[in-house]
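Participant: For what it's worth, my numbering labels the leading residue of the sequence shown as 712, then goes sequentially.
For glycine and all other residues, C-beta sits at the position ideal for the given N, C-alpha and C.
Predicted model, so just to flag it, every value in this text is computed and none were measured.
Below is the structure I would like to discuss, written out as structure tokens.
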Amino acid sequence: MSLRRKNFIAILSTLIGLVLVLFVISQFIILRQFDEQQKETIQSDVARTVNVFTQQVDNLASISSDWAYWDATYQFVQDGNRDYIAANLYDDTLSNLRLDFMLFINSKGENFYLKLLNRSDDALDIATTTLKIQPGDMKMLLSMSNARQVNKGIIYVGSHPTVIASRSILNSGMSGKPQGVLIIGRYLNQVRLNQISEQTRLKVNISSWALAQTPMDFVQAKTALTTSADNTYFYNQSDRMAHGYTVINDINNQPLLILQVQTQNSIYQAGQQAVLYILVMLLIAGLVFGFVIIWLVERIVISRLAYM
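Right, here's the structure in full:
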């Protein structure tokens, strides 16, 4: 093999080795930093979305106080007067309040009246099975350590994840002997999830904690959230999308839902582009440097050796 060829191979091998080393360094150091930044961003997005769910719960608590602490409601659960129903409990009322149901329970702990949105079968003395609230959840909703207590949170009503709130029924002065409990609820259906997505400018999904078997990413999230002390799980689904997950507890502070937040993987993408630009520039610089070295060696060393 000629000296010229040996020289070319040595320089080319050095250049390739340098680029490979820099590629490995960029993958494990530079991209990891971008990945951490992406994780911090989506953790912030998850926290922001959880705050929206909290606002939904607080909003229901506020609505429940308006209706539970009212002379008209106080009288209604005692005598069941139809004028109260005709004047107040119609679909537009629930629609304007973004409620799906209002359940009035009398002082005996009996279901007294249920108003369902867009339903014509409302009735006095209905059965609890209409709403299918789990006994443990109903017990919590009815448990009042003091007359002005509010119980609020998220539960399943039948197959619907539902924001819910309950208060004792008092007069407008928030006094007197409680005459029952008012329970109001708002389903977390796809329409409401879409509204939350628009509000947060993120793609928001939920899945039952108990039934988190599909899709696979929810299964992975449940496993990670169960075994990790961190209350947020994050991973890059692809170069374009990143997912963040957290647990939403029910009214009894037990895991109920897995919240998924999807966002553009823009930070990680920027990191990949930066690494690509660096490698391209290094490759160009290396090629230029290599050709200069080869030219210098050719002119200064090999050409002189040829005359000897």
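Quick one: using the 10 Å Cβ neighbour count with 16 as the cut-off for buried, is Val788 buried or exposed?
Facilitator: buried
Participant: Around the Cβ of Gly869, are there at least 16 other Cβ atoms within 10 angstroms (buried) or fewer (exposed)?
Facilitator: exposed
Participant: May I ask you to report which of helix, strand or coil DSSP gives Gln910?
Facilitator: helix
Participant: Using 8 Å for Cβ pairs, my map puts Asn857 next to Tyr785. What's the rounded Cβ distance?
Facilitator: So it is not a contact: roughly 17 Å between Cβ atoms.
Participant: Measure the alpha-carbon distance for Ser818 versus Gln754 and round it to whole angstroms.
Facilitator: 45 Å
Participant: Identify the continuous beta strand (DSSP E) that holds Lys863 and give its terminal residues.
Facilitator: Val861 to Val868
Participant: For the stretch 766-817, list the beta strand (DSSP E) runs that are entirely contained and at least 3 residues long, ordered along the chain.
Facilitator: 812-817
Participant: Between the Cα of Gly997 and those of Val930, Lys717 and Leu733, spot the shortest distance and give me the residue it belongs to.
Facilitator: Leu733
Participant: Enumerate in chain order the residues of its own chain whose CB-to-CB distance from Lys863 is below 6 Å, with the five nearest sequence positions on each side excluded.
Facilitator: Val768, Ala772 and Ala876
Participant: For the alpha helix (DSSP H) holding Ala876, just list the boundary residues, first then last.
Facilitator: No alpha helix (DSSP H) contains Ala876, which is instead part of the beta strand (DSSP E) from His871 to Ser879.
Participant: Does the separation of the CB atoms of Ser776 and Val874 fall below 9 Å?
Facilitator: If you check the CB distance, Ser776 and Val874 do not come in under 9 Å.
Participant: Rounding to the nearest angstrom, what Cα-Cα distance links Leu723 and Phe1002 in this structure?
Facilitator: 10 Å
Participant: Determine, using beta-carbon pairs with one atom in the stretch 820-827 and one in the stretch 916-936, whether at least three such pairs fall under 8 Å.
Facilitator: Counting Cβ pairs under 8 Å, fewer than three are found: no touch.
Participant: Inspect the beta-carbon positions of Ile880 and Phe815 and report whether they are closer than 9 Å.
Facilitator: In this structure, Phe815 lies closer than 9 Å to Ile880 by Cβ.
Participant: For Ala973, which beta-bridge partners are listed by DSSP?
Facilitator: With the sequence shown as reference, residue 973 is identified as Gln, and Ala is not the correct amino acid for it. Beta-bridge pairing links Gln973 to Lys914 and His954.
Participant: Specify, as a first and last residue, the run of the alpha helix (DSSP H) that Lys933 falls within.
Facilitator: Met927 to Thr938
Participant: Excluding sequence positions up to five away, which residues of its chain have a Cβ less than 6 Å from the Cβ of Ala779?
Facilitator: Arg878, Ile880 and Leu893
Participant: Can you tell me whether Lys850 is buried or exposed, with buried defined as 16 or more other CB within 10 angstroms of its CB?
Facilitator: Exposed is the call here.
Participant: Taking just the CA atoms, how far does Asp848 sit from Phe929?
Facilitator: 25 Å
Participant: With DSSP as the reference, label Asn762 as helix, strand or coil.
Facilitator: helix
Participant: Does the distance from the CB of Thr937 to the CB of Tyr956 come in under 9 Å?
Facilitator: No; because the gap between Cβ atoms is not below 9 Å, this pair is not in contact.
Participant: Of the choices His954, Ala797, Gln748 and Gly884, whose alpha-carbon is the least far from that of Trp781?
Facilitator: Gly884
Participant: Expressed to the nearest angstrom, what Euclidean distance is found between the alpha-carbon atoms of Leu825 and Gln766?
Facilitator: Distance between the alpha carbons of Leu825 and Gln766 is about 25 Å.
Participant: Identify whether Ser724 lies in helix, strand or coil by the three-state DSSP scheme.
Facilitator: helix
Participant: In three-state DSSP terms, what is Asn822?
Facilitator: It is a strand residue.
Participant: Count the other C-beta atoms from every protein chain shown that fall within 10 angstroms of the C-beta of Ala798, then say buried if there are 16 or more, exposed otherwise.
Facilitator: exposed
Participant: Buried or exposed: which applies to Ala940, given that a residue is buried once 16 or more other Cβ atoms fall within 10 Å of its Cβ?
Facilitator: exposed
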